[in-house]
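S.K.: Going down the list, the sequences are from chains G and C.
With UniProt numbering, letter number 150 in the first sequence gets 150, and the count goes up by one each step, no holes.
With UniProt numbering, letter number 129 in the second sequence gets 129, and the count goes up by one each step, no holes.
Just so you know, even glycine gets a beta-carbon here, dropped at the ideal spot from N, CA and C.
Because the structure is a prediction, the values reported are computed rather than measured.
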Amino acid sequence: MAALSSFADTPTAQPSEEDRLSLAFLKDRSTEKALLWCTEYLNEEGHGSLLPMTRKVMLQICSDPTLTLDYLPTLGLPEFTRSATELALGRDSPAIRENRAGGVQTLGGTGAIRLGAELLQHWYNVGGARCGPVYLSSPSGGSVAATLQGAGISDIRSYRYWDPDKKGFSVEPLLEDLEVAPEQSVIVLYASAHCPTGAEPSQSDWKQIAEVMRRRRLFPFFLLPSQGLCWGDPAQDAWSLRYFVSLGFELLCAQSFSTNFGLYSDRVGSLLLVLKHSSLLLAVQSQAASLVHALWSRPPGGGARLVTMVLNNPALLAEWKEGLRVMVERGMLIREKLKERLRMLGIPEFWDHVTQQRGLYCCTGLTEEQVQFLVMTCHVYLPASGCVNVTAISGRTLDHVAESIYLAVTSDLQEYRH
Amino acid sequence: MSLFAEVPQAAPVAVFKLTADFREDKHPSKVNLGVGAYRTDECQPWVLPVVRKVEQLIANDHGLNHEYLPILGLPEFRASASKIALGEDSPAIKENRVGGVQSLGGTGALRIGAEFLRRWYNGKNNTATPIYVSAPTWENHNAVFSDAGFTDVRPYRYWDAEKRGLALAGFLEDLENAPEYSVFLLHACAHNPTGTDPTPDEWKQIAEIMERKKLFAFFDSAYQGFASGDLQKDAWAVRYFVSKGFELFCAQSFSKNFGLYNERVGNLTVVAKDSDNASRILSQMEKIVRTIWSNPPSQGARIVATTLTTPELFAEWKDNVKTMADRVLLMRSQLKAKLQALGTPGTWEHITQQIGMFSFTGLNPNQVGYLIKEKHVYLMASGRINMCGLTTKNLDYVAESIHETVTKIQ
Chain G
1 MAALSSFADT PTAQPSEEDR LSLAFLKDRS TEKALLWCTE YLNEEGHGSL LPMTRKVMLQ
61 ICSDPTLTLD YLPTLGLPEF TRSATELALG RDSPAIRENR AGGVQTLGGT GAIRLGAELL
121 QHWYNVGGAR CGPVYLSSPS GGSVAATLQG AGISDIRSYR YWDPDKKGFS VEPLLEDLEV
181 APEQSVIVLY ASAHCPTGAE PSQSDWKQIA EVMRRRRLFP FFLLPSQGLC WGDPAQDAWS
241 LRYFVSLGFE LLCAQSFSTN FGLYSDRVGS LLLVLKHSSL LLAVQSQAAS LVHALWSRPP
301 GGGARLVTMV LNNPALLAEW KEGLRVMVER GMLIREKLKE RLRMLGIPEF WDHVTQQRGL
361 YCCTGLTEEQ VQFLVMTCHV YLPASGCVNV TAISGRTLDH VAESIYLAVT SDLQEYRH
Chain C
1 MSLFAEVPQA APVAVFKLTA DFREDKHPSK VNLGVGAYRT DECQPWVLPV VRKVEQLIAN
61 DHGLNHEYLP ILGLPEFRAS ASKIALGEDS PAIKENRVGG VQSLGGTGAL RIGAEFLRRW
121 YNGKNNTATP IYVSAPTWEN HNAVFSDAGF TDVRPYRYWD AEKRGLALAG FLEDLENAPE
181 YSVFLLHACA HNPTGTDPTP DEWKQIAEIM ERKKLFAFFD SAYQGFASGD LQKDAWAVRY
241 FVSKGFELFC AQSFSKNFGL YNERVGNLTV VAKDSDNASR ILSQMEKIVR TIWSNPPSQG
301 ARIVATTLTT PELFAEWKDN VKTMADRVLL MRSQLKAKLQ ALGTPGTWEH ITQQIGMFSF
361 TGLNPNQVGY LIKEKHVYLM ASGRINMCGL TTKNLDYVAE SIHETVTKIQ
């Protein structure tokens, strides 16, 4: 047998920034250390939240003798996709009534983005110029670009989103960028709870965005990663999405149920399709089925069953919504406490942006040098963007994090400049 | 005007359409021999008793949470899954040159392997490397490799319709003539759809040519244990190739042998030359996984890992698997016996010579059409039947229907 491997030239993959941070944090022996980046909603003990009802519902499901382990349909559990679609669009959505909105069950949010990307790559504007550029916000959530690339989309551009001077979202630069985007470009938008900044367009901003997109025939690909965890109300978190639908847009929306149901390892997601006519929906769903068949064949059952049960049982639904409110309140409280600590330490600027942002994430506005200082000197780990997951700040680490940020902002960071 | 206006309706997958037609059929004696999952003699789905037991254990274990698994999956699952394929005492495992990628069933494992090979095998991003799949093969093999970017997916001769067995000479010839470094997709056991496997001796001949022509072995192992009832026997081919020093991939599915269809449990076992190669390969596979499903579902992997690593549960599982395999073997022998008793024209030895869930009956498309339309016995146009659709109650009807079909339609 030949001595040389067929894979001798395969290089080691570079770890992602997320992986590098986690590794460095794990290796760090300091007693006062904090890892501020994570994609889960962490509880006070630093673990992914588990909703109180989850265990009892899961037990119910696996004790039910009528439930088999037979394959789900390729497009997923119909009751699940129907419920997911209604949750996103509202039960009385005209698109649902007109049978031109439907979902495809996917492997979490990533699976939905990947499937949406595959559909765009293969079937968007088939008669014309196919899939043109795809625009992501600047900055954008970790693996979105890579997932699009995985589907073969290579022309990925960005639109301005985070305004470092304002330390928030600014609509004017975004509108400028949309004005010059080629017609029929795909624009990826967070419906709410933007990752990684937590900064949100206002309703009036959204109206302006929609107007430009309509005029320039730009295609919306919405991301809805944690519906209910932004404003504590699923309907409000979907306002922008529903607004676009009401204007008659066709769109895709990648829904994840990882965070708002605490079902991270169950991989529950849905790709929502809103088309102009029901016949188009059927055609696109059939092509989605074809793509799914060669990706993962069928989706997993357990998590989708749980979500379906909760969304369709009034008592469980109320319990779930209350759980969301509690989670959002805790997130807001952490933001308040951080802002207050910084104020008491005498931080020179206002840190109002921390409490103005919503959802899991917060863009601190710290510069790259300040971030480096935090990582290298204070044992506080966060990505270069300066964005953090607020739930990663616990009661135990709050003081250290606040003090470290204060130091970063007030120290002379000559040595960190390059 | 919709930008999806010109999207055509995709052709339905044949086996799904068959099941849909079966469901709509109101005939009281209808039989579904296209079903894709195990059925009991009462024609019911069967959740393995050991699976029910472990599900309860998991549900009651408050130490377990629903946090993201690592991208490559549950470590205990990956290790125990690879071990079941390669054997406890596999030299490759001892030499630390085996890796596993927890995947979404067998399909997911095939897709990760295909995506990796397209990027890193036989050059960089060489989409032209020929991918050989058996003629016939599982209908999804083609799609998985072409969707992964390969442009040259070709058949290798496999089924000899005339002799109703393996087309060995043609197979070996196709191996000899394949361009160096071509990838060959091999069914580890219980070939789908023919149920016809090479004998150990034939595997040796296949391996000899593959080694000489530097062909890459990518095994699809969806029926380990389910085919013969014996885990070792069903893994013989894969282990033989490993013993000959091959680097190879093995896409494992636990859908059938654990009955965990909708939990989507699979594992891509990677056997590399050495541990350094294995690490580098896995690091690239991790990047690929990140862009498809990010990290895999935990439930099925936990069930399999717990079962494989707990002696009493492992024993119970082997027993459950044997129950399924034995029922299939019984249906095979009884169907053959009934056809012979009826004096149905043709030979029916292949029904008991073939192995696994499927049998290639040898019925032609006209006969298949008659069986479906007139007798309401549903099977694939290729003449493939799923033995799990047979029960002691419907055997007579099916045998008589086949008899009628073969005597009426040529």
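Got a sec? Which residues, its chain only, sit under 7 Å from P220/G by beta carbon, not counting five neighbours each side?
M.R.: I187, L189, M213, F244, F249 and L251
S.K.: Classify C189/C as helix, strand or coil using the three-state DSSP reduction.
M.R.: In the structure shown, C189/C sits in coil (DSSP, three-state: anything other than H, G, I, E or B).
S.K.: Does E40/G come within less than 8 Å of chain A when only Cβ atoms are used?
M.R.: Of the chains in the structure shown, none is chain A; the protein chains are G and C.
S.K.: Does any CB atom of chain C fall closer than 8 Å to the CB of K321/G?
M.R.: no
S.K.: Indicate the three-state DSSP secondary structure (helix, strand or coil) for residue 436/G in the structure shown.
M.R.: Lying before the first or after the last residue shown, residue 436/G is absent from chain G, which here runs from 1 to 418.
S.K.: Could you give the first and the last residue of the continuous alpha helix (DSSP H) run that contains A11/C?
M.R.: Unbroken run through A11/C: none, as it is neither H nor E.
S.K.: Should the region 110-120 of chain C be called in touch with the region 305-324 of chain C, which here means at least 3 C-beta pairs below 8 Å?
M.R.: no
S.K.: Between the beta-carbon of residue 419/G and the beta-carbon of G168/G, is there less than 8 Å?
M.R.: Residue 419/G is absent from the model: chain G starts at 1 and stops at 418.
S.K.: Mind checking if S29/C is an interface residue toward chain G, Cβ cutoff 8 Å exclusive?
M.R.: Not one beta carbon of chain G lies nearer than 8 Å to the beta carbon of S29/C.
S.K.: Let's see if you can read the secondary structure: which residues bound the beta strand (DSSP E) around I131/C?
M.R.: I131 to A135
S.K.: Pick from L317/G, R298/G, R305/G and T197/G: whose alpha carbon is nearest that of residue 485/G?
M.R.: Residue 485/G cannot be examined here, being either before or after the span of chain G that is shown, 1 to 418.
S.K.: Under a Cβ-count criterion, where at least 16 other Cβ atoms within 10 Å of its own Cβ denotes burial, should N277/C be classed as buried or exposed?
M.R.: buried
S.K.: Report the neighbours of residue 431/G on chain C: residues whose CB is nearer than 7 Å to its CB, in chain order.
M.R.: Lying before the first or after the last residue shown, residue 431/G is absent from chain G, which here runs from 1 to 418.
S.K.: Can you pull out the residues from the region 333-352 of chain G whose beta carbon lies closer than 7 Å to at least one beta carbon of chain C?
M.R.: none
S.K.: Could you tell me which chain C residues have their CB closer than 7 Å to the CB of P225/G, listed as they occur along the chain?
M.R.: Simply none; closest approach about 12 Å.
S.K.: Going by DSSP, what residue range makes up the alpha helix (DSSP H) through F145/C?
M.R.: N140 to D147
S.K.: From S185/G to L87/G, what does the alpha carbon distance come to, in whole angstroms?
M.R.: 27 Å
S.K.: Counting beta carbon pairs with one atom in the region 130-145 of chain C and one in the region 190-208 of chain C, are three or more of them shorter than 8 Å?
M.R.: yes
S.K.: For chain C, check one thing: does any of its Cβ atoms lie closer than 8 Å to the Cβ of W271/G?
M.R.: Just to set this straight, residue 271/G is Leu in the shown sequence, not Trp. Taking Cβ atoms only, chain C never reaches closer than 8 Å to L271/G, which makes this a no.
S.K.: If you compare alpha carbons, which of E322/G, V180/G, P73/G and P164/G is closest to W231/G?
M.R.: E322/G
S.K.: Please look up how many angstroms separate the CB atoms of L33/C and V377/C, rounded, as I've assumed it's under 8 Å.
M.R.: 6 Å
S.K.: Check whether the region 147-164 of chain C touches the region 299-317 of chain G, counting contact only when three or more Cβ pairs, one atom from each stretch, lie closer than 8 Å.
M.R.: Touching, no, given that fewer than three Cβ pairs across the two stretches are closer than 8 Å.
S.K.: Tell me whether the beta-carbon of G395/G lies closer than 8 Å to the beta-carbon of E44/G.
M.R.: yes
S.K.: Considering just the uninterrupted stretch of the beta strand (DSSP E) at C253/G, what are its terminal residues?
M.R.: L251 to S256
S.K.: Below 7 Å on C-beta distance, what does Y378/C contact in chain G?
M.R.: Here the premise fails: no neighbours, minimum Cβ distance about 17 Å.
S.K.: Give me the DSSP bridge partner(s) of C362/G.
M.R.: V388/G
S.K.: Is it the case that the region 59-69 of chain G contacts the region 56-63 of chain C, given that we only count it when at least three CB pairs across the two stretches are under 8 Å?
M.R.: Yes: the two stretches touch, three or more of their Cβ pairs being nearer than 8 Å.
S.K.: Indicate whether the contact test is met: 3 or more Cβ pairs, each with one atom in the region 164-184 of chain C and one in the region 371-389 of chain C, closer than 8 Å.
M.R.: no
S.K.: Do I409/C and N366/C have their CB atoms nearer than 8 Å?
M.R.: yes
S.K.: Are any of the Cβ atoms in chain G nearer than 8 Å to that of F360/C?
M.R.: no
S.K.: Grouping DSSP H, G and I as helix and E and B as strand, with all else coil, what is F254/C?
M.R.: coil
S.K.: Taking the beta strand (DSSP E) that G259/C falls in, what are its first and last residues?
M.R.: Note, G259/C: premise wrong, no beta strand (DSSP E); not H, not E.
S.K.: Please list, in chain order, the chain G residues whose beta carbon lies closer than 7 Å to that of F184/C.
M.R.: In chain G, no part has a C-beta under 7 Å from the C-beta of F184/C; the shortest such distance is about 13 Å.
S.K.: Does the region 96-104 of chain G touch the region 283-299 of chain C, meaning 3 or more C-beta pairs lie closer than 8 Å?
M.R.: no
S.K.: In the DSSP assignment, what residue or residues form a beta bridge with F218/C?
M.R.: Beta-bridge annotation (DSSP): F218/C is paired with L185/C and F249/C.
S.K.: Return the residue from the list S158/G, L148/G and L120/G that minimises the CA-CA distance to Y135/G.
M.R.: That would be S158/G, whose Cα lies nearest to the Cα of Y135/G.
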